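Enquirer:
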Amino acid sequence: MTYYSLVFWLFALITVGSAFIVVMSKNLIYSVFSLLLTFFGVAGLYVLLSADFIAIVQLIVYVGGILIVLIFGVMLTGSVLTEGLKTNVTNMLLGSVATGALAGLLILLFTNNNLYPNTQVLTPVPLKDISRLFIVDYLVLFELLGVLLLAALIGAASIGRKEKV
Amino acid sequence: MELTQNLHDLLSLRAELVLTAVILLLLGIELFSKGNKTLLRVVSLTGIGVVLILLFGESSTAQKLFIGSNGVPLMIIEPLGTFAKIIASISALFTILFMGINREDSTMVRREGEFMVLLLCTVLGVFFLSSSYDLILLYTGFELLSISSYALAGYNKRSSQSSEASLKYLVYGAASSAIMIYGISILYGLTGTTNIFIIQAILGSGALSGALLLMAIVFLLAGIAFKISAFPFHFWTPDVYEGAPTHFTAYLSVASKIGGFILLLRLILDLFFRKGFNSEILQPVSDLPWNDILIFISIGSMTIGNLVALWQKNIKRLLAYSSIAHAGYLLAGIAALNSTGLVAVLVYFAFYLLMNMGAFLVVILIKNEIHSEMLEDYNGIGSKLPLYAIALSIFLVSLTGLPPTAGFIGKFYILMALVNADLVLLAFFLFLNSVISLYYYVRVMKHLFISKPEKELGEAKQNVYGGVLTLVLAVPTIIFGIFFTPILRLAEAALKFYLP
Amino acid sequence: MSSFPMLTLLTFLPIIGMVIVMMLPKEKRSLIKITTLVATGLQVVLAGFMWAGFNYSQAGINNPATFQFVERIPWITFDSGSWLGMIKIDYFLGVDGLSAPMVLLTALISFIAAISSWNIERSVKGYFALFLLLDTGMMGTFLALDFFLFYVFWEIMLLPMYFLIGIWGGPRKEYAAIKFFIYTLFGSVFILLVMIGLYLSVNEVTGEGATFHTFNILSMMNPSNYTQDGILSPFNPDNLRFIAFIGLFVGFAIKIPMFPFHTWLPDAHVEAPTPISVILAGVLLKLGAYGIIRFNYSIFPEITRELVWWIALFGMINIIYGAFCAMAQKDFKKLIAYSSVSHMGYVLLGMASLNEVGLGGAVLQMFNHGTITAMLFLLVGVVYDRTHTRGLNDFGGLANNLPVYTGFAIVAFFAAIGLPGLSGFISESFVFLGAFKVESIRLLTIISAAGIVLGAGYMLWTMQRVYLGKLNEKWTDLKDLDFREYTMLVPLAVIVFLLGIFPSIMLDLMNTSINELVNQVTKTDFHSIMSGMK
Amino acid sequence: MTEITLYHFLVISSLLFSLGLYAMITRRNSILILMGVELMLNAANINFVAFSHFGNFGASGHLSALVIIVLAAAEAAIALAIVLNIYRTFNTVNADEADKLKE
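Residue numbers (our numbering), protein chains in the order written: chain A, 1 to 165; chain B, 1001 to 1500; chain C, 2001 to 2534; chain D, 3001 to 3103.
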């Protein structure tokens, strides 16, 4: 077993295991903290895929931003919604069967198609390429993302702020 | 030098740029003039007017933009996309006009500027959805439309219904777009690109696995089905339609739907099917059961929509289910996979804009007077507010698809496409559904005209602004039912590069 | 003929009336009523002019050149390049010996129903606006020679009818109205689909040699106009024409109404206000039979010939079943409604004969039933206005204090029974004569003849219960007919007598067309063309 | 043990995606479904990056992943605002009626 695959299995375990807890746990607090682990795990996988930049963004945005937002959500709704922090589960049987089947099907399809079987060490994509793609080829996407963030900002401010009666 | 070319291309997105400028201008007005309402309205309406003029100006040309190093464009301004943009802009125009009369929440008036900004952001989302030929760009446009819509659905802040509706909308919307992006990621994996043209070429060479491709398509369709509120992703529709402020519900039912449909059409016409027609029938690039999938979704949507609508007591919920059914009708037109079907879908959509917007407008007007959306409170409206009641009846008759209204022509063309594609049973089923739908549409009319009111309607009276606005929508609904050539011409022009 | 748009005027005169009514203020009730009366009255005058100018020797049916008062204006012309060829819908009106009697009937019945509507009190404006819209729909349906146009008029009738029953009807009006609406729209499903199928299968050639699909029903009658691969083309090996025929037939049969699609009729009649019952029985039911003759018979002659036995069978069932049901009724209006079912059975039977006598009888029966049943419903309305009851057993001996009324009633009842000398007799005997000649349906004809006896039975029994015997004390101070009621009943009674004695007035009008129709149905050969082209 | 290939990453992404979908189907709590959505988005991202890496597709996969992260953040921002507002509405208007809209 190489060093690489050892690390891979570690991160794989962290990612999938904690994702499992996120979904299965009856306590929202557990879920949200497991999600933290999942995000870390995924970041690790990115590093293994030699996508360091994505890994860093993943940590900054997901862990530093989205997760905080979710924790806020959990804390706020916990006292409001009747379910409380312990949330009930419906359609368990249907859900497990359907998603189990889907997972099986996806794995089967992914592994049975002879997709890019090369395992030799591939050259990582230089950050410069990504930024070049973003700023030059996908210039319009870049601009659009700006508008989108503006819209999200205005939307969030408009909905979230307190109204004077 | 590519950058300069791209910057130059950016300037060619005239309608989009004007729209963005208007958004920023509105934001500025909101910030610096304490939300001067007249100014806001004038600016937003003129802005949309200018955008519409630009759109009509470019409605018959095609222009490739942002041609990358791989030689394929990122965006193409072409008539079909422009058609969708026009529909979205017109519905935004009406929504802003409706906004002034909606009196559901007093704080909404104060936040009109923000509403307009977000509304125009959704329009911009539709614009990018309409012209993009890159899946990531398409997805970003899709998300711009979605994210702004989530905020707008919860715009009626003081109603817990509205907030809940928007949360529900956001949660399931985010989930379905996540499914969609997963589908895109599979497609990316299979082809190594997100550009529609390259993917089409690779699919056309027939080197790809059918099953995984099918999976990707199903995931993609999930996101689209959510946007157009089609079965089995329709469940959010009634709650959101009921909870959202009514003028936004009207917008959502039209503009959001055209967003989903233009995406579906784009994928079908440019990605999964060969360009051009072989004996007026579309040829898929690989052997996938397109027909079956579309027919399944279509039948599911219209049946669920119509059957559940039968039990509704709230007019907005009723119209929500009716809009699910209409998604089914429109999908049937696409399922025909022939040229008539494409024209029919566009024609139907143009009419759908009129009649659905109109129906919601009257709902707003009546709610202003009687403060209720429940059908049982509609009793006796016919004699108290005759113009509104007659207009609502016209819209409902048109939604049912009876002549001489525009809705009939739309349905007629869809049926024609189906019969032409030898899908007679689907055609029969579609019409059977219209018969079912008649029952609940007529039930509304029964409440308006036949049932006796339990309590006095009091001060309810019609106002000039509302009356003019209803007429602006109701009169064309009738006129296009009799002389529909212009709309046919429009739809045909929109499909200029696709029809044989 | 001339360039005078006679038929357009005939069709849209009521719409003009409607617009005027809509613009009048709510309070001007009599002005609204007078407007309606003038509009329908002018319609009668126009119909009279049409009759006067009608050329008895021109057949119509399948030949555009022999239709009269033809107006043909391109309505929708759209050359779509190649995706669907050229789309062409014409505003195409014309009249022949088949539709002329129906036009006269429609104009007459509408006028009389307008008089009968005089005592409508609730939302007068709405009532008369809808009434006039309904009138336009009916007239247009009989005159349209373009399938699309026909369908538009056909559907235009639905909504006014729904509201006229639903708002101004009796206690269960909402149920009856929606039942009528749903049944008829359900029938329209089939009509619309067959229409589209035919459209896509039929090609017409313009003067410049371009071909385009057409909604022109006259083109649909000619086998040589069908394309090779059209869905309803006789060349199509799947032979969907049979299914299309059945679909179209069901669509129209619901309107007739033919057993087992008749259940909406009694409800609609009982709940509808008198004038609407009059229109319903007088005109609307005829639309179904007219549709079958105009569309099923002429466009699908080869299938018609195969299925005449079934048409006769359903005719027989209608006659017998309707009669038995009528016998069991305690409600005056319901009785007449079921007698309508029975009488429309004669129309079906006559149609099944496929010969000049039988078909002529059927069309004449349509006209006569229109006038007679209208009269019967008016008569029910007269007593209902005075007593507010329709229970057959609540009456008795009305002859004692309402002699004139009873006189009219006797005329109507005897005409309905088919007493010689009155109009019903002529048409019924024509139907039976025609049907009896055809061997395959002879047995059915003989059984149907029992319907005459049954009909006489329940009619006479009703007369006895209502008019004869001892006068019920509740009704001692009932008044006899007033002037308005005279104006409604007298013309109808005159027609009943006149057509009983001089049936040729009507028969001559339709003779040429009926001959051509029989020719079309029995001679047109879709099969041989099919085999010839293969 | 075998060498790590593309399939290993794809299996992880499939599992993450299915777990996210499971949350969407079986859970009623909005926040939890949102967490499921984040799982699904991460799964898609792993796909993009993994395909891009093993298929040698260049930077476009990375670009897509970045865009998706940005979009997720925007979505979360709106979600928080709505949740905040619900919190306020329920606290000030009626704290016990949690579910006004019926299924």
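Think of the CB as a built atom: it goes at the ideal place given N, C-alpha and C, for glycine as much as any other residue. Since the model is a prediction, treat every value here as computed from it, not as a measurement.
Along chain D, in chain order, which residues have C-beta atoms closer than 8 Å to that of valine 175 of chain A?
Expert: This structure cannot speak to residue 175 of chain A, because chain A is shown only from 1 to 165.
Enquirer: Rounded to a whole number of angstroms, what is the C-alpha to C-alpha distance between leucine 133 of chain A and tyrosine 1439 of chain B?
Expert: For leucine 133 of chain A and tyrosine 1439 of chain B, the distance between alpha carbons rounds to 56 Å.
Enquirer: Within 10 angstroms of the Cβ of arginine 1008 of chain B, are there 16 or more other Cβ atoms? Answer buried if so, exposed if not.
Expert: Checking the displayed sequence, the identity of residue 1008 of chain B turns out to be histidine instead of arginine. Result: exposed.
Enquirer: What does threonine 2077 of chain C pair with, by DSSP beta-bridge criteria?
Expert: According to DSSP, threonine 2077 of chain C bridges with C:Lys2088.
Enquirer: Going by Cα to Cα distance, which pick from D:Tyr3007, D:Val3011, D:Ile3012 and D:Met3024 is closest to valine 1171 of chain B?
Expert: Nearest option by C-alpha distance: D:Met3024.
Enquirer: Identify the contact partners of aspartate 52 of chain A in chain B, using a Cβ-Cβ distance below 9 Å as the criterion.
Expert: Chain B residues near aspartate 52 of chain A: none, gap ~20 Å exceeds 9 Å.
Enquirer: If we call anything under 7 Å between Cβ atoms a contact, is glycine 2434 of chain C one with glycine 2361 of chain C?
Expert: Contact flag set, yes.
Enquirer: Kindly list the residues whose CB is nearer than 6 Å to the CB of leucine 2007 of chain C, restricted to its own chain and excluding five residues on each side of it in sequence; keep chain order.
Expert: For leucine 2007 of chain C, where only same-chain residues beyond five positions count, the Cβ hits under 6 Å are Phe2069, Glu2071, Leu2093 and Leu2143.
Enquirer: Just checking: is the beta-carbon of valine 47 of chain A within a distance shorter than 7 Å of some beta-carbon in chain B?
Expert: By this cut-off, valine 47 of chain A is not an interface position.
Enquirer: How about leucine 1282 of chain B and phenylalanine 1273 of chain B: are their beta carbons less than 7 Å apart?
Expert: Going by C-beta atoms, leucine 1282 of chain B is nearer than 7 Å to phenylalanine 1273 of chain B.
Enquirer: Can you find at least 3 beta carbon pairs, one from the segment 2419-2427 of chain C and one from the segment 2375-2394 of chain C, that sit closer than 8 Å?
Expert: Too few Cβ pairs lie closer than 8 Å, so no.
Enquirer: Hey, does leucine 2478 of chain C have any beta-carbon neighbour from chain B nearer than 7 Å?
Expert: Chain B, which has no Cβ nearer than 7 Å to the Cβ of leucine 2478 of chain C, makes this no.
Enquirer: I want to see whether chain B comes within less than 7 Å of serine 3064 of chain D, judged by CB atoms only; does it?
Expert: Serine 3064 of chain D counts as touching chain B.
Enquirer: How far does the alpha helix (DSSP H) with asparagine 1291 of chain B in it reach, from first residue to last?
Expert: Per DSSP, asparagine 1291 of chain B belongs to the alpha helix (DSSP H) from 1290-1309.
Enquirer: On the DSSP letters alone, give me the boundaries of the alpha helix (DSSP H) that histidine 1234 of chain B sits inside.
Expert: Segment: none, histidine 1234 of chain B is in no alpha helix (DSSP H) and carries neither H nor E.
Enquirer: Keeping to the same chain, check which residues put their C-beta closer than 6 Å to that of valine 1050 of chain B; ignore five residues upstream and five downstream.
Expert: Val1018.
Enquirer: Rounded to whole angstroms, what is the Cα-Cα separation between threonine 2524 of chain C and proline 2301 of chain C?
Expert: So the alpha carbons of these two residues sit roughly 7 Å apart.
Enquirer: At least one CB of chain D closer than 7 Å to the CB of isoleucine 1136 of chain B: is that the case?
Expert: For isoleucine 1136 of chain B, the answer is yes, since a Cβ of chain D falls inside 7 Å of its Cβ.
Enquirer: List the residues of chain A that threonine 1140 of chain B touches, going by C-beta distances under 8 Å, in chain order.
Expert: Ordered by position in chain A, the residues that pass the 8 Å Cβ test against threonine 1140 of chain B are Leu141, Leu144, Leu145 and Leu148.
Enquirer: Can you tell me the Cβ-Cβ gap for alanine 1165 of chain B and glycine 1243 of chain B, rounded? I've got them flagged as a contact below 8 Å.
Expert: About 3 Å separates the two Cβ atoms, so the contact holds.
Enquirer: Could you work out which residue in C:Tyr2486, C:Val2411 and C:Thr2304 is closest to glutamine 2520 of chain C when comparing CA atoms only?
Expert: Taking only the C-alpha atoms, the option nearest glutamine 2520 of chain C is C:Thr2304.
Enquirer: Within the 7 Å Cβ cut-off, does phenylalanine 3009 of chain D reach chain B?
Expert: Not closer than 7 Å to any Cβ of chain B, the Cβ of phenylalanine 3009 of chain D fails to qualify, so no.
Enquirer: Alpha carbon to alpha carbon, what distance is there between threonine 1237 of chain B and tyrosine 1501 of chain B?
Expert: Only positions 1001 to 1500 of chain B appear in the structure, and residue 1501 of chain B is not among them; the question remains open.
Enquirer: Roughly how many whole angstroms lie between the Cα atoms of glutamate 3075 of chain D and asparagine 1291 of chain B?
Expert: So the two alpha carbons sit approximately 34 Å from each other.
Enquirer: Rounded to whole angstroms, how far is the Cβ of serine 2117 of chain C from the Cβ of proline 2275 of chain C, which I believe are closer than 8 Å?
Expert: Correct: roughly 4 Å between the Cβ atoms.
Enquirer: Let me know the secondary structure DSSP gives glycine 2197 of chain C once reduced to three states.
Expert: The answer is helix: DSSP assigns glycine 2197 of chain C an H, G or I state.
Enquirer: Pull up the distance between the alpha-carbon of glutamate 1002 of chain B and that of tyrosine 1348 of chain B, whole angstroms please.
Expert: Each residue's Cα considered, the two are about 41 Å apart.
Enquirer: Run through the DSSP bridge pairs and tell me what tyrosine 2226 of chain C is partnered with.
Expert: The partner list for tyrosine 2226 of chain C (beta bridge, DSSP) reads C:Val2202.
Enquirer: Look up proline 126 of chain A in the DSSP assignment and say whether it is helix, strand or coil.
Expert: In this structure, proline 126 of chain A counts as coil in the three-state DSSP scheme.
Enquirer: Using a Cβ-Cβ cut-off of 6 Å (strictly less than) and excluding sequence neighbours within five positions of isoleucine 2120 of chain C, which residues of its own chain qualify?
Expert: Taken in chain order, the residues that qualify are Tyr2127.
Enquirer: Could you check which residue in C:Arg2172, C:Met2138, C:Leu2398 and C:Ala2456 has the C-alpha nearest to that of proline 2160 of chain C?
Expert: It is C:Met2138.
Enquirer: Thinking C-alpha only, which one of C:Ile2336, C:Ser2201 and C:His2213 is nearest glutamine 2228 of chain C?
Expert: Out of C:Ile2336, C:Ser2201 and C:His2213, C:Ser2201 has the C-alpha closest to the C-alpha of glutamine 2228 of chain C.
Enquirer: May I ask which residues mark the beginning and end of the alpha helix (DSSP H) holding methionine 2510 of chain C?
Expert: That run of the alpha helix (DSSP H) goes 2504-2523.
Enquirer: Give the interface partners of serine 3030 of chain D over in chain B, defined as CB-CB distance under 7 Å, in chain order.
Expert: Within chain B, the residues near serine 3030 of chain D are Leu1167 and Val1171.
Enquirer: Which residues, in order along the segment 1458-1484 of chain B, keep a beta-carbon less than 9 Å from a beta-carbon of chain C?
Expert: Result list: Gly1481, Ile1482, Phe1483 and Phe1484.
Enquirer: Verify the CB distance criterion: does methionine 3035 of chain D have a CB-CB separation below 7 Å to chain A?
Expert: With 7 Å as the cut-off, methionine 3035 of chain D counts as an interface residue toward chain A.
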